[in-house]
Ligand code: ADP
Ligand code: SF4
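In the working numbering, the protein residues as written are 508 to 1199.
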């Protein structure tokens, strides 16, 4: 095993947190996951694997402390009464098994929760509409309500202690918490001792920290999560003014400061908009005001950067949510000197989408995420091979690379053939689009490992036909009897998609491009009109690219806003803002109905009123065709397959069903796991159900 460079030793120095000792400097900060109280076994397995991977502290997601803080369909944690303790105990047991500390982020959401399930009017420092578009207003808390809230928090802390948590959070991070609502001038209009001056607005925060210390401080550490800046300038809390004042006022009170920026979309900004370490400007001051340990986040994946953060006194522990999702074994890999095995987060926020959609999160880089319990997948271990069979993987995009890697890990002989000179398929092309460079990590991580495998041979510049495959299978040099087709997908140029189930009329009247054309370097002429009926990032990012190249650009979509699915990755606001700032014309809620010389006809979604829009190039972002011709030609030749001794042929990734990169990686991994394995015929994974 490689030895760790002593340069990284500082990351493995223990640290005192109140009455506890953390074994090293790796801290998995609270993060949501779409598992929560609905799927406690899924959750416990996921957190346990993080602990096994070397994180000294492993925290929960938000855990609601009372029925007045009901997050509806969101699958967050819940600790409303004693009956919620056993589910959470599953997690502490899994974490303690690996000698890590378990932290719990107690939360009251105040007016961020509409309480659809409990039907109790939400509570807030002052009467206010809930902070979404639900027709619900929160009521102003009386003094008795404040006393009740303190009591609920105290009870939740005691229950958390009973569930064997080590760190108990008092949470005023993000704008989603009652304590933050009290701190904020925008939301707190009270005229009593809980409103007005900063001293008054911080009162409840202080009281709850004191209550928690008094209740559980004998055994547990009390951590505070606080957003030092809301990125709203003088309208909000800033790290120069009120954020700093709060830290000054409470500096020595908690056992640990976990500091970040608000709201969640700022805290978990995607790599398209923010790079590693983007929060340092805001949180950098905290350590100078307290002697207590400080944790911060910033999508850190570079061990050198982590060392410098500690040496420079920016933070004492390296906080991570996404990097711990992409690689639960990140600390272990640094500890054991296996830096080249780190699976770096690409900052795409597909994990976050799982939480918004209330399903167990997935991760683009880590296909085992969310599958730890239900499929028994481990990120670092995989069933060894069952035979000496060889496998040909055709296509070196995310699906093919992952399939080759997982099969290679199992010990199978693998031949990976890629028609281009460069590996990576769509991730290589897409990582050259504005802001998406980090997506290349999907390729780089896998290539780096594959190159070391003696049982995997890679042939680039090798476009295979069905005849080639049949011929090569018999050659001693190759000798494979199974074929995985990962040949990807191609963007359609006929406009067929959600709005049009047949080709858009008149396409021959204009120069028409697809995303593949643009990414392959085909130039657009004059004004470009993009019709986006796909709704994820592609339409928006191509608008940005073409505008930056000097074209006049108009983007049209039947949706209410641009790249509308990116609400799930918390980027939509930034994407639309960027396009508007660049001067891209945005036409939402319109369909493209026909194409004419030098123009297209659009129709309003609601009124059917049509308008003509001039353009010289039409870029269609609608659906993709699976590249399954190779599959079809092979199936057309059953005798040839038989003679060649090929036993199985399988499509994976986009050539099976075009989707997101995470789906392609998962598909490649799944195929490798299921290869020569007994797969249940019905539902191939366990489900967590309410037992009656
Ligand atoms: P996925 O997302 O499913 O991995 P991609 O489109 O990213 O799909 O990758 C598919 C890869 O397969 C591309 O790099 C493409 O060049 C390669 N490919 C497609 N057809 C062949 C073929 N016949 N032989 C070898 N490689 C191929
Ligand atoms: Fe990182 Fe994307 Fe994985 Fe989330 S889904 S952890 S952002 S790679």
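Glycine included, every Cβ here is placed at the ideal spot set by N, Cα and C. Bear in mind that the values here come from a model prediction, so they are computed numbers and not experimental data.
Three-way DSSP call (helix, strand, coil) for residue i in this model
i	result
residue 733	strand
residue 1007	coil
residue 621	coil
residue 660	helix
residue 1146	helix
residue 1215	Residue 1215 falls outside the range modelled here, since the chain spans only 508 to 1199, and no answer is possible.
residue 668	helix
residue 949	helix
residue 646	strand
residue 640	coil
residue 1036	strand
residue 610	strand
residue 1105	coil
residue 865	coil
residue 779	coil
residue 544	helix
residue 1018	strand
residue 689	helix
residue 872	coil
residue 683	coil
residue 554	helix
residue 893	coil
residue 630	strand
residue 957	helix
residue 600	helix
residue 559	helix
residue 844	coil
residue 787	helix
Distance cut-off 6 Å: residue i Cβ against heavy atoms of the ligand SF4
i	result
residue 750	no
residue 566	no
residue 829	yes
residue 852	yes
residue 833	yes
residue 857	yes
residue 875	no
residue 872	yes
Residue i CB to nearest heavy atom of the ligand ADP below 6 Å
i	result
residue 1158	no
residue 1161	yes
residue 932	yes
residue 971	yes
residue 1076	no
residue 988	no
residue 1022	no
residue 1187	no
residue 925	yes
residue 963	no
residue 1137	yes
residue 997	no
residue 901	yes
residue 905	yes
residue 1171	yes
residue 913	no
Which residues DSSP lists as bridging residue i, in chain order
i	result
residue 764	731, 801
residue 1098	1110
residue 539	The partner list for residue 539 (beta bridge, DSSP) is empty, contrary to what the question assumes.
residue 1120	1107
residue 989	898, 1155
residue 674	610, 728
residue 564	534, 608
residue 1093	1062
residue 966	924
residue 527	524
residue 584	570
residue 853	Note: residue 853 sits in no beta bridge, so no partner.
The ligand MG heavy atom lying under 6 Å from the CB of residue i
i	result
residue 1195	Annotation note on the ligand MG: not contained in the displayed structure, which lists the ligand ADP and the ligand SF4 as its ligands.
Quiz item: In chain order, which beta strand (DSSP E) runs of at least 3 residues are fully inside the region 697-758?
Solution: Counting only runs of 3 or more, we get 728-736.
Practice problem: Counting only runs of 4+ residues fully inside the region 899-940, write out the alpha helix (DSSP H) ranges in chain order. | Solution: As summarised for the region 899-940, the continuous alpha helix (DSSP H) elements at least 4 residues long and confined to that stretch are 905-917, 933-937, given in chain order.
Quiz item: Enumerated in chain order, which unbroken segments of the beta strand (DSSP E) with a length of 3 residues or greater are wholly contained in the region 791-841?
Solution: Listed in chain order, the complete beta strand (DSSP E) runs (minimum 3 residues) inside the region 791-841 are 801-803, 824-827.
Exercise. Entirely within the region 1126-1193 and at least 3 residues each: give me those beta strand (DSSP E) ranges in chain order.
Key: Counting only runs of at least 3 residues, the region 1126-1193 fully encloses the following beta strand (DSSP E) elements, listed from N- to C-terminal order: 1131-1133, 1155-1158.
Exercise. Could you tell me which uninterrupted beta strand (DSSP E) segments, each at least 3 residues in length, are contained entirely in the region 1059-1089, listed from first to last along the chain?
Key: Here the runs fully enclosed are 1060-1063.
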